[in-house]
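Single-structure report; data block below.
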Amino acid sequence: MRIIAIFKRIMTELRRDKRTLAIVFVAPLLILTLLFAILQNSSSVTARLGVYQVDQTIVNQLKKNDNLHLVSLKERKSAKESLMQYNLSAVITQKENQLTVTYQNADTSLTGIVKADLTKTVSGEQMSKLKSALAKVTKRTKPGRAISEINSGMTINENYIYRKSNSSLFISIAPVMVGFFVFFFVFLISGISLLHERTTGTLNRLLISPVKRYEIVSAYTLAYGTLAVLQTVIIVSYVFFVLGVQNQGSFVLVLIINIILALVALSLGLLVSTFAASEFQMIQFIPLLVVPQIFFSGIFNISGMNQIWQGVAKIMPLYYGDDALTNVIKKGASISGVWLDLVVLIGFAIILLVLNIVGLKRYRRV
Amino acid sequence: MEKVIELKNVDKHFGTNHVLNKISLTINSGQLVGLIGPSGAGKSTLIAAMLGMLRLDGGQVRLLNSDMPNRSALQNIGYMAQNDALYGNLTGLENLSFFGKLMGLSRSVLTDKIHLVSQTVDLQDHLDLRVNQYSGGMKRRLSLAIALLSDAPLLILDEPTVGIDPELRIKIWQELDKLHQQGKTVLITTHVMSEIETVDRLLMLRDGHIIADNTPTFLEKQYQVTNIESVFIKAGERYENNSHI
Ligand SMILES: Nc1ncnc2c1ncn2[C@@H]1O[C@H](COP(=O)(O)OP(=O)(O)OP(=O)(O)O)[C@@H](O)[C@H]1O
Ligand SMILES: [Mg+2]
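In order, the protein sequence lines correspond to chains A and B.
Once you know that position 27 of the first sequence is 27 in full-length UniProt numbering, the rest is easy, because the numbers rise by one and skip nothing.
Once you know that position 175 of the second sequence is 175 in full-length UniProt numbering, the rest is easy, because the numbers rise by one and skip nothing.
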């Protein structure tokens, strides 16, 4: 009953705080879109592209791309063999209006280069066809024929040797980002909200009532848990359905991992807020507690680090969250593949929540 | 007479500042008690000690027959803090019903009580306004309304009449007198000496000690003055002189 009262109160306050809501729900989408734009094309490297029986016009168009090195293949071989033999990133073959591309896809940025250039070339080809068709229309006024020429554009058929997904640098760090945003915002907002309650004296006032300490912590967990669920659904849906990252695993499992991660962030935020005297001091904990977690969370490969640093990674909640998210999104792991990560995360959350309940004893000892 | 508040040798330092110096005090049921003292004397600290919200350096507190700190004893206390601990983003009504629910009032009782207390503090027309948009006095009145909400047998009010106009102040005191007549115990702090002439018992806190504890008329006689304001000054002077000897 009291939990519900506090829960409802926090939700009402949140609902009226329009700017915080905008930040929580819109800012991650903006940043993800920016990252998407930046990381989609990496233009400094060149990709080796094999062509076999492809129209000379298309080959000439492809040659115009500085970041492609074209290799003409003479013998008929399986794509896999050609890729190996000539150290190629992709092989293209043509059968009438159908191009078949086989990506080697071990280095996802190379795949991205070929894919971008190819799309550009083919659409350029179609544009010129469209133009000439339009010219014919205006000259001969035979619309039927022109339209059939427009429609006879190229189609591209794609295959992958490694991993059956389209990958880019963005896609490889998307799972990390999804986990990070949920962690970061829930940490900050729940922490600041409890801090605000402390500095305005309402926490003290709350405790001069028969409310139990665990009821306060539970209500906060419930309220910010709800916020985290909403935020997770929005971010994850955006990444999967708008930015086109393919999820190899279950959507629901991704949500569950994020929600558990949010629970850790929430309890950490609440706990840390008791050591901050102002909102500004709360911000000061970000470089200390949040930023290092990004470094250890899978953007960089930590398996080459020395043992001590690997140990450091293992005390960071985001390390487990991202391990789980990466396994599900990129490798299609099911719950049996990530249960250990989830158990560790739940362990973090429980310990932190208990510390919060005990921590409230500073204000009222019972 | 039932003891409602009982302090034994309550002691509290903040660093070198000895705010409460072994204070012993008993307040019986049905008393209307005024607590006065210079700013910074420790009135709010003494109240925090009574409520069990303070880690004492020594001594015991019993409140309504429970040793403090005790969570369930808080059920029977209507408390008004010196600072307005209100939720600015919520309306007056939402604040009232939130604190009412915390005190465990059922929905039906709550509606009636909110109606009643908001009239007592003359806020019935402003309940749908966000507290952010309240004036200082309106916030005080809302805090008082929250303290009155649960119909508790013990009311502890820390400067309830600060920033409240004379007309409304009289109305609030009429309400307090009414509650007193109903047999409730009331402890109130204030800096307005004129309003406290009518209490049953006046406590004066200074330098960590209770330097005066009697009825207002007795104290006026003792110091040969005609009002409490003069008692406050004389008692202070006499205390300072004695402590310098
Ligand atoms: N948390 C604290 N830490 C350190 N000192 C404190 C703390 N709370 C109160 N004090 C000190 O204790 C003394 C008494 O404070 P208190 O608030 O009880 O005074 P008061 O009698 O209520 O004053 P006022 O009439 O101005 O409300 C003051 O000197 C104050 O500086
Ligand atoms: Mg005070």
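Glycine residues also receive a C-beta, built at the ideal position from the N, C-alpha and C atoms.
| Check | Outcome |
| --- | --- |
| Just the C-alpha distance for A:ILE150 and A:LYS64, rounded to the nearest angstrom, thanks. | With a pLDDT of only 44 at A:ILE150, under the threshold of 50, the placement of this residue in the model should not be trusted, and no figure is reported. |
| In terms of residue numbering, what span does the beta strand (DSSP E) encompassing B:ASN28 cover? | 17–28 |
| Against chain A, which members of the segment 101–113 of chain B pass a CB distance test of less than 9 angstroms? | LYS101, LEU102, MET103, GLY104 |
| Using DSSP bridges, identify the partner residues of A:ALA265. | Paired residue(s): none; A:ALA265 is not in a bridge. |
| Could you tell me if the beta carbon of B:LYS12 falls within a distance shorter than 6 angstroms of some heavy atom in ligand 2? | no |
| Which residue's Cα is closest to the Cα of A:ALA5: B:GLU94, B:MET68, B:HIS18? | B:GLU94 |
| Any heavy atom of ligand 2 within a distance shorter than 6 angstroms of the CB on B:SER44? | yes |
| Of all Cβ atoms in chain A, is any one closer than 7 angstroms to the Cβ of B:TYR79? | yes |
| Is there at least one non-hydrogen atom of ligand 2 closer than 6 angstroms to the beta-carbon of residue 249 of chain B? | Beyond the ends of chain B as shown, which are 1 and 245, falls residue 249 of chain B; an answer cannot be given. |
| Tell me the residue span of the beta strand (DSSP E) that contains A:SER72. | 68–72 |
| In chain order, what residues of the same chain lie with their CB nearer than 8 angstroms to the CB of B:PHE218, ignoring the 5 residues before and after it? | none |
| Between B:MET138 and A:VAL236, what straight-line distance do the alpha-carbon atoms span, to the nearest angstrom? | 46 angstroms |
| Within 10 Å of its beta-carbon, does B:ASP165 have 16 or more other beta-carbons around it, so buried, or fewer, so exposed? | exposed |
| Residues of chain B with CB closer than 7 angstroms to the CB of A:THR274, please, in chain order. | The contacting residues do not exist; A:THR274 stays about 16 angstroms from chain B at best. |
| Is B:GLN31 near ligand 2, going by C-beta to nearest heavy atom under 6 angstroms? | no |
| At a cut-off of 6 angstroms, is A:VAL344 close to ligand 1 when judged by its beta-carbon and the heavy atoms of the ligand? | no |
| Using the three-state DSSP reduction, which class does B:GLN31 fall into: helix, strand or coil? | coil |
| Chain A beta carbons: is any one of them nearer than 7 angstroms to that of B:ARG206? | no |
| Show which residues of chain A have a CB atom less than 8 angstroms away from the CB atom of B:GLN133. | Correct list: empty, because the minimum Cβ distance to chain A is about 13 angstroms. |
| Do you know how far the Cα of B:GLY136 is from the Cα of A:LEU253? | 51 angstroms |
| CB of B:VAL192 to nearest heavy atom of ligand 1: below 6 angstroms? | no |
| What residue does the alpha helix (DSSP H) around A:ARG15 start on, and which one ends it? | 2–16 |
| Which stretch, first to last residue, makes up the beta strand (DSSP E) that contains B:GLY137? | That residue, B:GLY137, is in no beta strand (DSSP E); its alpha helix (DSSP H) goes 136–148. |
| Over the uninterrupted beta strand (DSSP E) stretch that includes B:ASP213, give me the two end residues. | 209–214 |
| Does the beta carbon of B:PHE98 come closer than 7 angstroms to any beta carbon on chain A? | yes |
| Give a yes or no on whether the C-beta atoms belonging to B:SER44 and B:ASP151 are separated by under 7 angstroms. | no |
| Assuming B:VAL121 and B:ALA145 make a contact with CB atoms under 8 angstroms, what is their CB distance in whole Å? | 5 angstroms |
| Taking its Cβ as the centre, do 16 or more other Cβ atoms sit within 10 Å of A:LYS80, making it buried, or is it exposed? | exposed |
| Do we get a CB-CB distance below 7 angstroms when we pair A:ALA5 with the residues of chain B? | yes |
| List the residues of chain B whose Cβ lies closer than 8 angstroms to the Cβ of A:THR20, in chain order. | Those within 8 angstroms of A:THR20 in chain B number zero; the least Cβ separation is about 11 angstroms. |
| What three-state label does DSSP hand B:ARG169 in the structure shown? | helix |
| Closest Cβ-Cβ distance between B:ARG169 and chain A: below 7 angstroms? | no |
| Where do the N-terminal and C-terminal ends of the beta strand (DSSP E) with A:ARG76 fall, by residue? | Where A:ARG76 is concerned, there is no enclosing beta strand (DSSP E), given that its DSSP letter is neither H nor E. |
| Assess contact between the segment 204–222 of chain A and the segment 272–287 of chain A, defined as three or more Cβ pairs (one per stretch) separated by less than 8 angstroms. Is contact present? | no |
| DSSP on A:SER148, reduced to helix/strand/coil? | Note that A:SER148 scores a pLDDT of 43, beneath 50, so its modelled location is shaky and nothing firm can be said. |
| I'd like to confirm something about B:SER39: is its beta-carbon nearer than 6 angstroms to some heavy atom of ligand 1, or not? | yes |
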